[in-house]
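Enquirer: Residue 7 in the UniProt record's numbering sits at position 7 of the sequence shown; the count goes up by one each step and never skips. Glycine included, every Cβ here is placed at the ideal spot set by N, Cα and C. From a predicted model like this one, the values you see are computed outputs, not experimental measurements. What follows is a structure written as structure tokens; I'll ask about it next.
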Amino acid sequence: MSGSAFPKAERLRRRPEFTQFNSGAHKLHTPHFLLLLRDTAPAGPRIGFTVSKKVGNAVVRNSIKRRLREYYRQNKQLFPLADINIVAKKGAEVLDFHHLSSELAAAFGRLRNRYAK
Numbered sequence: 001m002s003g004s005a006f007p008k009a010e011r012l013r014r015r016p017e018f019t020q021f022n023s024g025a026h027k028l029h030t031p032h033f034l035l036l037l038r039d040t041a042p043a044g045p046r047i048g049f050t051v052s053k054k055v056g057n058a059v060v061r062n063s064i065k066r067r068l069r070e071y072y073r074q075n076k077q078l079f080p081l082a083d084i085n086i087v088a089k090k091g092a093e094v095l096d097f098h099h100l101s102s103e104l105a106a107a108f109g110r111l112r113n114r115y116a117k
């Protein structure tokens with residue numbers, strides 16, 4: 001159970017933590033998401049999700065965030081040691097979990113290849 005948790009230490013929670021992505025963040029576009037990556041200390045990844053009203057109503061936005069959180073819980077090993085903000089684009093609401101997973105796995109594979117140290 002502990003490996004599949006999403007503790008507060010692994011979350012971006014406050015506005016200043018999200019606004020730090022406005023400058024100096026690496027960006028990666030996928031058809032339904034924008035991944036913003038900012039290097040941090042090697043304590044582990046911290047992740048945040050942004051789903052605006054442009055994507056849908058509250059029920060739709062919360063559903064997308066639940067799927068993203070579940071993807072993170074199941075695939076923590078894919079995430080680099082960085083602060084990551086995943087921004088949902090219009091059209092993300094139509095993705096089921098399988099398609100969301102494959103799109104993000106491909107994106108993190110590209111990130112790993114691009115920013116390998």
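1) Measuring straight from C-alpha to C-alpha, what distance separates MET1 and PRO7?
2) Hey, is the segment 34-48 in contact with the segment 8-23, meaning 3+ C-beta pairs nearer than 8 Å?
3) From the DSSP output, read off the bridge partner residues of ILE47.
4) Helix, strand or coil for LYS27 per DSSP?
5) Below 8 Å on the Cβ atoms is my contact criterion, and I expect PRO80 with ARG112 to pass it. Report the Cβ-Cβ distance as a whole number of Å.
6) Going by other Cβ atoms of all chains shown within 10 Å of its Cβ, with 16 needed for buried, is GLY91 buried or exposed?
7) Compare the Cα-Cα distances from residue 122 to each of GLU93, ALA5, GLN74 and ARG15 and report the closest residue.
8) CB GLU103 to CB PRO31, shorter than 8 Å?
Expert: Reading off the structure:
1) Here MET1 scores only 45 on pLDDT, less than 50, and its place in the model is too uncertain to base an answer on.
2) yes
3) ARG11 and ILE84
4) strand
5) 7 Å
6) exposed
7) The first residue shown for the chain is 1 and the last is 117, placing residue 122 beyond what the model contains.
8) yes
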